[in-house]
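A.B. asks:
There are 2 protein chains.
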Amino acid sequence: MPGRHHWQHRFRENVSRWTLPREIILDLLSRSSRHMSAKEIYGALYALYPGLGLTTVYRTLELLHRLGFVQKVTSGDGPGRYELRGEGEKDHHHHLICTKCGRIIDYRDFVQEELDLIKKTEETLAKKHNFLIQDHNIEFLGLCEKCR
Amino acid sequence: MPGRHHWQHRFRENVSRWTLPREIILDLLSRSSRHMSAKEIYGALYALYPGLGLTTVYRTLELLHRLGFVQKVTSGDGPGRYELRGEGEKDHHHHLICTKCGRIIDYRDFVQEELDLIKKTEETLAKKHNFLIQDHNIEFLGLCEKCR
DNA sequence: TAGATAATGATAATCATTTTCATTAATAAT
DNA sequence: ATTATTAATGAAAATGATTATCATTATCTA
């Protein structure tokens, strides 16, 4: 859970200004364990900072995603959801998604096998199809405890 | 490539009527190798059948998806894309997706290893999180030959 | 062949996201 | 510190994909 100064520093490195919206959005994401949509973030912060605009939330999330601070999960229907990305490979995980309520659960089972398979597959596909592979997703869809 | 009668029969089994829009949409999907969006399907069929409505395309695709005839791929941004689902496990495959032009390539490499890992993971997750798992996705995102 | 009802298509509505643009605030230069 | 530069913001409108509404039409059933 890196603090404000950590982020502030990483922002400066990227020629981006350190502003209140950015600070409170990062702060919320680092306090929240859930994957939140733009509207949820907006709703959660509105009380604290009523001047905040939904547009800014979208723009900030887009920036955080572009800088690699945040991962965006867009599966099935409904809005995109965001989570802070941990440092390096040690945070490797994938998602279990409820198709009814949209809840997302991180899982970290069989990580090593996954990494091996992904690496192998990625190399093969990149070569075979002349693709520049930048990312991958593995996800399981279904109904959570509450929705089943 | 099952013909009209095959589909017609499977529709009847499901208490759904066999109509012209359904026939031409299924026919197009079985002739096309690409994963098509609703609008692309609409566009491709409009010349043949100018009465066709975009709404009907969406509804038909939703029905085909619900009946399990069609798979829907919704990754990253842009519209959902659809492909006919082959029969049984022997058509097991996943996707390589270009984030720029939206092109989707099916791949079938390391199928057995994937199936094993997925099965194992699915069982573990279902038990651990009390989830009813209905589906899974594995996808690689990046830039295709033309867009890189 | 007629009656029941499911499917269709035009239109409007919704939902998530992006664009526009005038205003404000953060940093750089003085 | 003060000002100038320019990025960031927020309100509103625009866009794009998809869904809901509803009167009309077509398919199947009796």
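As they're listed, the protein sequences go chains Y and B. If you're matching positions, the first sequence starts at 1 in our numbering and goes up one per residue. If you're matching positions, the second sequence starts at 1 in our numbering and goes up one per residue. Think of the CB as a built atom: it goes at the ideal place given N, C-alpha and C, for glycine as much as any other residue. Everything numeric in this text was worked out from a predicted model, so none of it was measured.
1. Which of the three DSSP states is assigned to B:Glu83 in this structure?
2. Could you say if the stretch 67 to 76 of chain Y and the stretch 110 to 118 of chain Y meet the contact criterion of at least three C-beta pairs nearer than 8 Å?
3. Just to confirm, is the Cβ distance from B:His136 to Y:Glu122 under 8 Å?
4. Assign Y:Leu26 to one of three DSSP states: helix, strand, or coil.
5. If we ignore side chains and look at the alpha-carbon of each, how far apart do Y:Tyr107 and Y:His5 end up?
6. Quick one, are the C-beta atoms of Y:Leu125 and B:Asp91 less than 8 Å apart?
7. Within 10 angstroms of the Cβ of B:Ala47, are there 16 or more other Cβ atoms? Answer buried if so, exposed if not.
8. Near Y:Leu26, what residues of its chain come up, given a Cβ to Cβ distance below 6 Å and the 5 sequence neighbours on each side ignored?
9. How far does the alpha helix (DSSP H) with B:Lys72 in it extend, from its first residue to its last?
10. Take B:Gly95 as the anchor and find which of B:Ile104, B:Glu89, B:Leu28 has the nearest alpha-carbon.
11. What residue does the beta strand (DSSP E) around Y:Asp135 start on, and which one ends it?
12. So within the stretch 24 to 69 of chain Y, which uninterrupted beta strand (DSSP E) runs reach at least 3 residues, ignoring any that extend past its ends?
13. Measuring alpha carbon to alpha carbon, tell me which residue in B:Ala44, B:Cys144, B:Ile133 is nearest Y:Lys128.
14. If you follow the alpha helix (DSSP H) that Y:Asp91 is part of, which residue opens it and which one closes it?
15. So, for Y:Lys41: in the same chain, excluding its five sequence neighbours on each side, which residues have a beta-carbon less than 7 Å away from its beta-carbon?
16. B:Tyr107 touches chain Y at which residues, Cβ-Cβ below 9 Å?
17. Return the first residue and the last residue of the alpha helix (DSSP H) that Y:Asp116 is part of.
18. Run through chain Y and tell me which residues come within less than 8 Å of B:Lys145, C-beta to C-beta.
19. Using a cut-off of 8 Å between C-beta atoms, extract the partners of Y:Thr55 located in chain B.
20. Is the distance from the Cβ of Y:Lys39 to the Cβ of Y:Leu54 below 8 Å?
21. By a C-beta neighbour count over all protein chains shown, 10 Å radius and 16 as the cutoff for buried, is B:Arg12 buried or exposed?
22. Would you kindly report the start and end of the unbroken beta strand (DSSP E) that includes Y:Asp77?
23. Grab me the residues of Y:Ser75's own chain with a C-beta within less than 6 Å of its C-beta, minus the 5 sequence neighbours each way, in chain order.
24. Are the beta-carbon atoms belonging to Y:Ser16 and Y:Leu63 less than 8 Å from one another?
25. First and last residue of the alpha helix (DSSP H) that includes B:Arg4?
26. Starting from B:Leu20, follow its DSSP beta bridges and name the residues at the other end.
27. Could you tell me which residues DSSP puts in a beta bridge with B:Cys98?
C.D. replies: Quick answer:
1. In the three-state scheme derived from DSSP, where H, G and I count as helix and E and B as strand, B:Glu83 is classed as strand.
2. Taking 8 Å as the limit for Cβ pairs, the verdict is that the stretch 110 to 118 of chain Y does not touch the stretch 67 to 76 of chain Y.
3. Between B:His136 and Y:Glu122, the CB-CB gap reaches or exceeds 8 Å.
4. DSSP, reduced to helix, strand and coil, places Y:Leu26 within a helical segment of the structure shown.
5. A straight line joining the alpha-carbon of Y:Tyr107 with that of Y:His5 spans about 29 Å.
6. In this structure, B:Asp91 does not lie closer than 8 Å to Y:Leu125 by Cβ.
7. Result: exposed.
8. Excluding the 5 residues flanking it on each side, Y:Leu26 has same chain C-beta neighbours closer than 6 Å at Trp7, in chain order.
9. Premise fails: B:Lys72 lies in the beta strand (DSSP E), 70 to 73, not in any alpha helix (DSSP H).
10. According to the sequence displayed, residue 95 of chain B carries His and not Gly. The option with the nearest alpha carbon to B:His95 is B:Ile104.
11. Where Y:Asp135 is concerned, the enclosing beta strand (DSSP E) stretches over 132 to 143.
12. None, since the stretch 24 to 69 of chain Y contains no complete beta strand (DSSP E) of that length.
13. Ranking the options by Cα distance to Y:Lys128, first place goes to B:Cys144.
14. Careful: Y:Asp91 lies outside any alpha helix (DSSP H) and carries neither H nor E.
15. First, the residue type needs correcting, since residue 41 of chain Y is Ile and not Lys in the sequence shown. For Y:Ile41, the CB contacts under 7 Å within the same chain, skipping 5 residues up- and downstream, are Ile25, Leu28, Val57 in chain order.
16. Within 9 Å Cβ-Cβ: Thr121, Thr124, Leu125, Lys128, His129.
17. Y:Asp116: member of the alpha helix (DSSP H) spanning 111 to 129, first to last residue.
18. Reading off the sequence shown, one finds Glu at residue 145 of chain B, where the question assumed Lys. Near B:Glu145 (Cβ distances below 8 Å), the residues of chain Y are His129, Asn130, Phe131.
19. One finds nothing in chain B with a Cβ atom closer than 8 Å to the Cβ of Y:Thr55; even the nearest lies about 17 Å away.
20. Yes.
21. So B:Arg12 counts as exposed.
22. Where Y:Asp77 is concerned, there is no enclosing beta strand (DSSP E), given that its DSSP letter is neither H nor E.
23. Hits under 6 Å: Ile97, Glu139.
24. A contact, by the Cβ cut-off of 8 Å.
25. Counting along the chain, the alpha helix (DSSP H) containing B:Arg4 begins and ends at 4 to 13.
26. By DSSP's assignment, B:Leu20 forms no beta bridge with any residue.
27. According to DSSP, which records beta bridges pairwise, B:Cys98 is partnered with B:Gly142.
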